[in-house]
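Everything on this sheet refers to the single structure shown next.
Numbering (UniProt numbering), first residue to last: 1 to 591.
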């Protein structure tokens with residue numbers, strides 16, 4: 001059947017809208033209209049998106065161009081930024097030196113040290129081969145006569161040491177006691193050495209390294225190279241011990257984690273001793289917050305690194321062949337952080353656990369100490385001595401040790417208590433007790449109240465700070481065994497068998513450092529230095545009284561305060577006079 005285009009008033013398009021019965025269906029038309037509308041909206045949306053994309057492309061062109069320029073000239077821009085920062089530091093350095101050179105002494109030393117280290121690295125990188133060729137004949141000659149050179153060097157050093165001790169101790173004989181303490185602890189470690197014959201042979205060959213072991217004070221990765229050269233130790237153990245200056249006893253071995261499984265027992269013992277003899281930089285902040293002298297803490301931890309290597313080799317000398325003769329194949333493991341912000345964030349997150357751990361340790365061990373003291377007091381009361389405590393026992397057991405470190409006899413019993421507390425509990429509790437003693441001195445308490453000493457001398461405080469600086473205590477044994485065994489499970493048995501000896505060796509390292517502090521401790525040579533070092537003037541301090549009396553005699557009060565003699569050139573003489581009047585000048589006319 002055929003239809004015309006407009007037959008019966010129905011258009012051609014309407015034929016497609018007829019249903020199966022030939023009836024007109026409007027739904028088809030509605031659907032078609034919807035489809036048309038949707039297509040129109042899609043076209044409009046696409047057009048809008050294309051317009052927005054074109055706009056964003058135009059806007060981002062300068063940004064992309066800048067980014068490309070920075071990438072292409074990254075090296076040049078880096079040098080420009082470093083140049084600006086360097087110029088800024090030079091200006092700051094000059095200003096600090098001009099304003100107060102004495103105050104900027106530490107800045108000058110650190111700057112010179114950084115320049116020397118960087119210069120050495122640059123020379124080694126660019127001119128290392130030519131310098132080696134130039135000095136090769138001298139090196140051959142030196143190696144061929146190395147044995148005689150070492151002996152001559154040792155004799156000269158010992159002679160200079162004897163002369164220095166004779167001249168220096170003539171003014172302060174108490175320094176000889178500290179020197180005797182160094183000798184005593186070294187002999188004690190030698191007598192308890194695992195291989196005494198091997199120890200003697202080792203140290204006749206490498207005596208110079210031992211003599212200078214405690215005098216090295218450089219940054220961790222540079223100090224490891226120097227210790228390795230002077231002491232003849234392997235790169236792996238040296239790097240781990242040097243790392244202990246900054247990180248803890250279970251973190252430093254991570255630097256040499258791939259090499260632990262192949263290290264000798266002597267090397268593992270050195271790694272363990274380094275961990276016990278030092279403290280981590282993170283917990284150092286906690287001790288400083290207690291009021292402990294920061295300078296003494298930092299120098300004690302740095303001195304402990306070379307001393308730990310020397311004493312550990314004396315306690316457990318090398319009798320095996322080390323597989324790590326050269327540091328060329330030793331690579332330090334780095335962290336996973338990609339930039340300084342991520343590293344700072346990781347460090348801050350890690351410190352939360354550290355602070356919580358410190359607080360928990362303090363609470364737990366103070367509670368343990370209280371329990372032990374109560375138990376000992378109860379047992380002592382059974383025989384008429386209820387005053388028996390853990391500290392009292394330690395004061396008698398470790399009193400000779402404290403005295404041989406150079407602590408005055410009257411302070412030695414208190415220092416012995418602190419040494420025992422550190423060894424059997426932990427260093428946190430010991431430093432907390434030391435901070436109380438220091439606070440009592442600075443607050444002007446009487447030195448003896450009710451027959452008990454309330455504070456100790458500045459010399460005793462400094463020596464004690466060195467003696468307590470280290471993780472060597474029985475509570476650390478489990479931490480070390482667990483931490484290092486998880487790093488290297490195959491050496492768990494060796495670690496367990498060496499850890500007790502390493503802990504006792506680490507304790508000896510701290511005591512030797514304390515003896516050296518006693519030898520080198522110089523009391524203020526004049527009243528100005530004494531007043532500058534003292535925060536609160538204490539009337540019971542004989543030195544303070546003497547200096548205040550000298551200041552009173554030099555003061556002229558004619559309506560205005562003036563000074564004569566050496567005090568006339570002291571800038572803070574008026575401030576010192578005010579403090580002297582408050583502490584011990586109530587009867588002085590000038591007050």
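No residue lacks a Cβ here, since even glycine has one placed at the ideal position from N, Cα and C.
Would you identify the three-state DSSP class for residue i, choosing helix, strand or coil?
i	result
residue 555	strand
residue 449	strand
residue 280	coil
residue 257	helix
residue 612	Outside the shown range of the chain (1 to 591) lies residue 612, about which nothing can therefore be said.
residue 385	coil
residue 136	helix
residue 131	helix
residue 73	coil
residue 307	helix
residue 192	coil
residue 293	coil
residue 536	coil
residue 318	coil
residue 104	coil
residue 151	helix
residue 185	helix
Could you check the C-alpha separation between residue i and residue j for me, to the nearest Å?
i	j	result
residue 481	residue 416	28 Å
residue 490	residue 312	22 Å
residue 159	residue 377	52 Å
residue 314	residue 498	14 Å
residue 396	residue 567	45 Å
residue 386	residue 373	10 Å
residue 134	residue 115	24 Å
residue 65	residue 267	56 Å
residue 504	residue 145	37 Å
residue 549	residue 506	45 Å
residue 175	residue 412	15 Å
residue 574	residue 74	57 Å
residue 581	residue 591	6 Å
residue 76	residue 125	21 Å
residue 564	residue 555	7 Å
residue 448	residue 410	11 Å
residue 558	residue 306	59 Å
residue 496	residue 193	18 Å
residue 95	residue 104	10 Å
residue 244	residue 118	23 Å
residue 71	residue 84	20 Å
residue 137	residue 121	23 Å
residue 366	residue 424	12 Å
Go through its chain and collect everything with a Cβ distance to residue i's Cβ below 6 Å, but skip five positions before and after it.
i	result
residue 308	241, 273, 274, 277, 509
residue 78	none
residue 427	468
residue 488	260, 261
residue 316	194, 266, 269
Which first and last residues belong to the alpha helix (DSSP H) in which residue i is found?
i	result
residue 561	Unbroken run through residue 561 is the beta strand (DSSP E), 561 to 563; no alpha helix (DSSP H).
residue 501	492 to 520
residue 235	235 to 243
residue 409	409 to 424
residue 481	477 to 487
residue 398	It is not in any alpha helix (DSSP H) - residue 398 carries neither H nor E in the DSSP assignment.
residue 172	Where residue 172 is concerned, there is no enclosing alpha helix (DSSP H), given that its DSSP letter is neither H nor E.
residue 432	427 to 442
residue 575	573 to 584
residue 461	458 to 468
Just tell me which of the options has its CA closest to the CA of residue i.
i	options	result
residue 319	263, 369, 406, 302	263
residue 405	290, 183, 423	183
residue 438	475, 534, 484, 451	534
residue 235	257, 247, 251, 248	257
residue 248	369, 151, 472, 70	472
residue 322	289, 259, 298, 310	259
residue 456	426, 506, 476, 402	402
residue 281	122, 271, 291, 252	252
residue 246	297, 557, 233	297
residue 375	390, 286, 165	390
residue 460	474, 407, 446	407
Residues in the same chain with beta-carbon distance under 8 Å from residue i, minus the five sequence neighbours each way, listed in chain order, please.
i	result
residue 539	444, 545, 583, 584
Is residue i near the ligand ZN, judged by its Cβ being under 7 Å from some heavy atom?
i	result
residue 428	In the structure on display, the ligand ZN does not appear, and there are no ligands present to speak of.
Give me, in chain order, the residues of the same chain whose beta-carbon lies closer than 7 Å to that of residue i; leave out the 5 immediate sequence neighbours on both sides.
i	result
residue 418	430, 433, 434, 464, 468
residue 502	269, 272, 273, 276
residue 511	185, 401, 405, 467
residue 514	405, 463, 466, 467
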